[in-house]
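Everything below concerns the one structure shown next.
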Amino acid sequence: MRGTVLRRVALAAAAVALAAGCTPDAVGGGGTGTAGPTRAPAPTSATPGTAPPASSPGTDGKPPSPGATPSTGTPAPKPLMGDGDENEQVRELQARLRQLDFFDRAPTGFYGKMTAGAVERFQKRRGLPETGSVDEATWQRLVSLTRKPTADELKPATTNKLDTPDPRCMTGRVLCISKESRTLAWMIDGKVVSSMDVRFGSENTPTREGTFSVGWKARTWTSTIYHTPMPYAMFFSGGQAVHYSADFAARGYGGASHGCVNVRDRAKLSALFDAVKVGDKVVVHW
């Protein structure tokens, strides 16, 4: 009689264990050293007719955060051009944007805030994502609406109209720099060979006026005072020089130099740097 009762208690305990999710070898093993029955594999999907769980736990056993969104598996479009790029494709981009009146200055080949703003305005007008950078869709739409820029469109003489040359610029080889028109004209015997836009120092660090000469040149140089790059530097008055400025290319006249004559068209200044010799005259005038 007592044996029958004990067997009933053991069977009841096994039933409770199975209902709690335990496997048969987890109960009453008794330390015999033998493995119990093989466990059935966990189901990979919900049983038909049953509701799915409210949330799927992560690998750490916790449910995903409320703000988590599943990946669509579609990568974002890769930009062809964007902030900080500097090449001839950017110059073409600027020339094409200028054809449509989205870019109001001479192409420089440098992708800065002004170019990004022009791209964003174009994207908004054409119903494209307003990223400010150029992906394949933006570029193809722009190309379809414009023509291939001419050489003059890619590298116009200058954005700003040249001032009447100072009399001191009419003889010899001269970098004739006008604060009035904010231009630099490279002149030989009174003839303008090339020209480009420039900007000057602020009221606190003004660009000196007068007649000087190129004392020395450096294709690559970094300011020892301000620790900023000064490519294609042509020094004419102490630490003041004509040089390329990426900041000028990006921000335009929204900024100023520390006294140097900044040029924003790197390609044109590179050609000028090769033409100018140490000893050539520099005239800075109003």
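First residue of the sequence shown: 7, per my numbering; consecutive thereafter.
No residue lacks a Cβ here, since even glycine has one placed at the ideal position from N, Cα and C.
- Short of 8 Å from the beta carbon of V282, and not among the five residues preceding or following it, lie these beta carbons of its own chain, in chain order: R179, L181, W192, V220, K223, M240.
- Ranked by Cα distance from L99, the options K84, K161, P135, L190 are led by K161.
- P173 and I231 have their C-alpha atoms roughly 34 Å apart.
- G123: member of the alpha helix (DSSP H) spanning 119–131, first to last residue.
- Secondary structure note for F254: it is in no beta strand (DSSP E), and the uninterrupted alpha helix (DSSP H) holding it is 252–257.
- Secondary structure of L190 (DSSP, three-state): strand.
- Counting only the Cα atoms, L148 lies some 16 Å from Y117.
- Boundaries of the alpha helix (DSSP H) harbouring A143: 142–151, taken from the DSSP string.
- The Cβ atoms of Q146 and E136 lie no closer than 8 Å to each other.
- If the five residues before and after T211 are omitted, its C-beta is found closer than 6 Å to the C-beta atoms of H264, G265, all from its own chain and listed in chain order.
- DSSP places D91 outside any beta strand (DSSP E), giving it a letter other than H or E.
- Runs of the alpha helix (DSSP H) spanning 4 or more residues and lying entirely within the segment 222–287 occur at 252–257, 272–281, in chain order.
- Each residue's CA atom was taken as its position, placing S200 and A273 some 12 Å apart.
- If you check the CB distance, V267 and V204 come in under 8 Å.
- Per DSSP, the beta-bridge partners of G207 are S263.
- By alpha-carbon distance to V269, the top candidate from R188, T234, G285, W227 is R188.
- Contact check for V140 and L190: beta-carbon distance about 30 Å, past the 8 Å limit, so the pair fails to qualify.
- Under the 10 Å beta carbon count, V284 is surrounded by fewer than 16 other beta carbons and is classified as exposed.
- Sixteen is the threshold: when 16 or more other Cβ atoms of the shown chains lie within 10 Å of the Cβ of L103, as they do, the residue is buried.
- The three-state reading of DSSP puts L181 in strand, counting E and B together.
- A distance below 6 Å between beta-carbons, with the five flanking residues on each side excluded, links L275 to the following residues of its chain, in chain order: Y238, Y250, V269.
- Membership of D158 in the alpha helix (DSSP H) is indicated by the continuous run 157–160.
- Less than 8 Å separates the beta-carbon of K185 from that of H291.
- In this structure, G207 lies away from A256, with their beta-carbon atoms at least 8 Å apart.
- Taking C-alpha positions only, F218 is separated from R153 by approximately 44 Å.
- V289 and T177 have their C-alpha atoms roughly 12 Å apart.
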